[in-house]
Amino acid sequence: MVAEAGMVMRADVVYDAYKAVKTDHTKVIYMSPQGKTLNQKKVEDLAKENHLIILCGHYEGIDQRVIDKIVDEEISIGDYVLTGGEIPAMVLIDSVSRYIKGVIKEESVQEESFSNGLLEYPQYTRPEIFEGEKVPEVLLSGHHENIEKWRQAKSLEITKKKRPDLLENK
Ligand SMILES: C[S@@+](CC[C@H](N)C(=O)[O-])C[C@H]1O[C@@H](n2cnc3c(N)ncnc32)[C@H](O)[C@@H]1O
59 MVAEAGMVMR ADVVYDAYKA VKTDHTKVIY MSPQGKTLNQ KKVEDLAKEN
109 HLIILCGHYE GIDQRVIDKI VDEEISIGDY VLTGGEIPAM VLIDSVSRYI
159 KGVIKEESVQ EESFSNGLLE YPQYTRPEIF EGEKVPEVLL SGHHENIEKW
209 RQAKSLEITK KKRPDLLENK
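Numbering (the numbering used here), first residue to last: 59 to 228.
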């Protein structure tokens, strides 16, 4: 069935669903193309929240009255419009979950792109030689200090090349 133009999700229905699951420490996020664009800093902040409700719209969206009543923050995943808020909600859940203790190793999160304002250094694995291309010598040396220096230099080099905008506010 093709959705009719102009269909909007009802305020009373959304409000009933909200009342059924809210707690005293709930933060309500509405996934919306009109919200602030999600970034790593926001992901980190949301991971510290006690309880999140993620509201997903469909059709033209949700009746503004219930948005005004219950929503603490609107978040977008980018300047384009999707059919519904479910995929944006999955993006939010996945990115926030990585900061929850026990989901992945803490050091993996700390070194990843954006966590220190830079993109991550390149990754290599076996085989040592692939189509004539060797894994960088320093990574095979076992010299931890030199490996760390190489990673920092690569991180900076890649950020300058791919996302120079990230270095503007550093
Ligand atoms: C077709 S969109 C509604 C767009 C709305 N009429 C507008 O022009 O701003 C339906 C729902 O998809 C979700 N959605 C679409 N694009 C999104 C984006 N970029 N980020 C987050 N949520 C989005 C929202 O929950 C929205 O209510």
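Beta carbons: idealized from backbone N, C-alpha and C, even for Gly.
Predicted model only: the values in this text are computed from it and were never measured.
Check: Helix, strand or coil at Q181 according to DSSP, with G and I counted as helix; Outcome: coil
Check: Strand pairing of S134, partner residues [DSSP]; Outcome: T95
Check: Separation of L197 from P185, as counted between CA atoms; Outcome: 13 Å
Check: Bridge-paired residues (DSSP) for K80; Outcome: Bridge partners of K80: none, in fact.
Check: Candidates Y138, F188, I128 and L176: closest to K94 by CA position; Outcome: Y138
Check: Three-way DSSP call (helix, strand, coil) for K159 in this model; Outcome: coil
Check: M148, DSSP secondary structure in three states; Outcome: helix
Check: Opposing strand residues paired with G142 [DSSP bridges]; Outcome: H116
Check: Contact test: H116 Cβ vs ligand 1 heavy atom, cutoff 7 Å; Outcome: yes
Check: Identity of the residue in D103, I120 and T81 nearest H109 by Cα; Outcome: T81
Check: Uninterrupted alpha helix (DSSP H) stretches inside the stretch 183-215 (no shorter than 4 residues); Outcome: 195-198
Check: Exposure of I120, with buried meaning 16 or more beta-carbon neighbours within 10 Å; Outcome: buried
Check: M65, buried or exposed, once every other Cβ within 10 Å from all chains shown has been counted against 16; Outcome: exposed
Check: Where the alpha helix (DSSP H) containing R123 begins and where it ends; Outcome: Q122 to I128
Check: Cβ-heavy atom distance, L225 to ligand 1, below 7 Å; Outcome: no
Check: Distance between beta carbons of I135 and V149, contact taken as under 8 Å; Outcome: 5 Å
Check: Sub-8 Å separation of C114 and G143 beta-carbons; Outcome: yes
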